[in-house]
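Going from the sequence shown to this note's numbering is simple: count from 1 and add 1.
Comments concern the structure below.
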Amino acid sequence: MRKLFSTFIIMALSGVTAFSQLSTRENDASVVKLGSRPGAGDMSLTFGAALTGGGVADLPIVNQLAQGDILTFKRYTDANTAFRLGIKLYKDSDKLKGDEIDMFGDFVQSSFIKNSESEFIIAPGIEKHFNSKNIFDVYAGSDLFLGFKRNLTIEEYNYDGGDYDKYRETSSPIVLGLGGVVGFNVFIAHLPISLGLEYGLNMKWTNEGKSKVKYETSTAGTTESQVYYVSANDPLTTYSKLKVSEVGINTNSNVRLVLNIYFGQ
């Protein structure tokens with residue numbers, strides 16, 4: 002009991018001494034740096050939130066952390082010049098192939114069905130920065146947008162006796178765009194982060210909405226085939242020739258908040 006009491010007294014006295022030291026301690030002088038402006042060789046991951054967009058002149062060149070967004074990066078060649086790059090690669094494909102039978106086990110037909118979608122986007126750009134301050138950064142830039150898509154649908158049915166039906170629909174739209182932007186960044190404390198806003202003028206051309214269809218059928222040895230075109234806006238009308246295009250030019254069609262996270266080599 003005495004030993005336990007003595008231990009308690011020693012711990013209490015130690016706590017009083019420690020409190021006395023803390024109550025008389027002076028804080029260390031410190032200087033917090035504001036701004037972490039990138040220099041030559043530095044890079045950044047870029048994320049954004051679109052405040053406007055969705056029209057024909059919309060160029061989706063920022064990563065909004067959603068599925069299917071374009072991945073965006075920057076690399077600085079010097080403190081005033083940065084190259085931008087956006088990339089997207091997408092493919093989705095499914096197939097069905099089999100021999101159908103009826104309830105008695107007799108062969109009826111073989112089927113082959115395939116659906117495929119793919120997309121490739123590249124968006125190179127450049128920024129010129131005008132303010133060398135470490136907190137506030139103003140820049141102007143431009144982006145080129147190149148998008149290629151391919152959609153494919155195949156349906157083939159082979160019937161007992163040699164008859165068949167074959168259907169193939171393809172579309173290969175292209176999207177071309179050019180954007181000019183003005184923006185600013187605010188560097189946050191001494192963190193490798195900046196938050197800003199950019200807006201500008203976009204021009205976009207696309208031939209989306211046109212599909213080529215090839216249909217072939219064979220019945221009792223007689224084969225017929227047809228090639229025609231359809232529009233996504235009017236899929237029930239067939240055309241022997243078809244041109245579809247859309248052009249858009251608009252100011253402030255893309256206004257976006259931009260977050261950059263910087264890192265060095």
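Beta carbons: idealized from backbone N, C-alpha and C, even for Gly.
Query, Result
"Touch check for the region 222-242 and the region 181-196: three-plus C-beta pairs under 8 Å?", "no"
"Could you tell me the alpha carbon to alpha carbon distance between G180 and E156, rounded to whole angstroms?", "40 Å"
"May I ask which residues mark the beginning and end of the beta strand (DSSP E) holding F137?", "137-160"
"On the DSSP bridge list, what partners appear for G56?", "None, per the DSSP bridge assignment."
"Cβ atoms of I175 and A124: under 9 Å apart, would you say?", "no"
"Looking at the unbroken beta strand (DSSP E) that takes in N234, where does it start and where does it end?", "It is not in any beta strand (DSSP E) - N234 carries neither H nor E in the DSSP assignment."
"If we call anything under 9 Å between Cβ atoms a contact, is E247 one with G210?", "yes"
"Mind reading off the beta-carbon distance from N64 to Q110? Whole number of angstroms is fine, and I expect it under 8 Å.", "Not confirmed; about 47 Å, so no contact."
"Output needed for L147: all residues of its chain with C-beta closer than 6 Å, excluding positions within five of it in sequence on either side, in chain order.", "I123"
"Given this structure, state the Cα-to-Cα distance separating G222 from L177, to the nearest angstrom.", "46 Å"
"State the Cα-Cα distance for the pair A141 and L86, rounded to the nearest angstrom.", "15 Å"
"So, using beta-carbon positions, are Y165 and T238 closer together than 9 Å?", "no"
"Using the C-alpha atoms, what's the distance from N203 back to S212?", "27 Å"
"Taking Cβ positions, are R151 and S117 nearer each other than 9 Å?", "yes"
"At a threshold of 8 Å, does T53 count as lining the ligand NAP (C-beta to nearest heavy atom)?", "The model on display carries no ligand, and the ligand NAP is accordingly not part of it."
"With K205 as the anchor, note down where its beta strand (DSSP E) starts and where it stops.", "194-207"
"In terms of alpha-carbon separation, which member of L66, D161, V183, T224 lies closest to M102?", "According to the sequence provided, residue 102 is Ile. The question's Met does not apply to it. Nearest option by C-alpha distance: D161."
"Please state if the CB of N255 and the CB of V182 are separated by a distance shorter than 9 Å.", "yes"
"Given a cut-off of 9 Å on the beta-carbon distance, is the pair I127 and F188 in contact?", "no"
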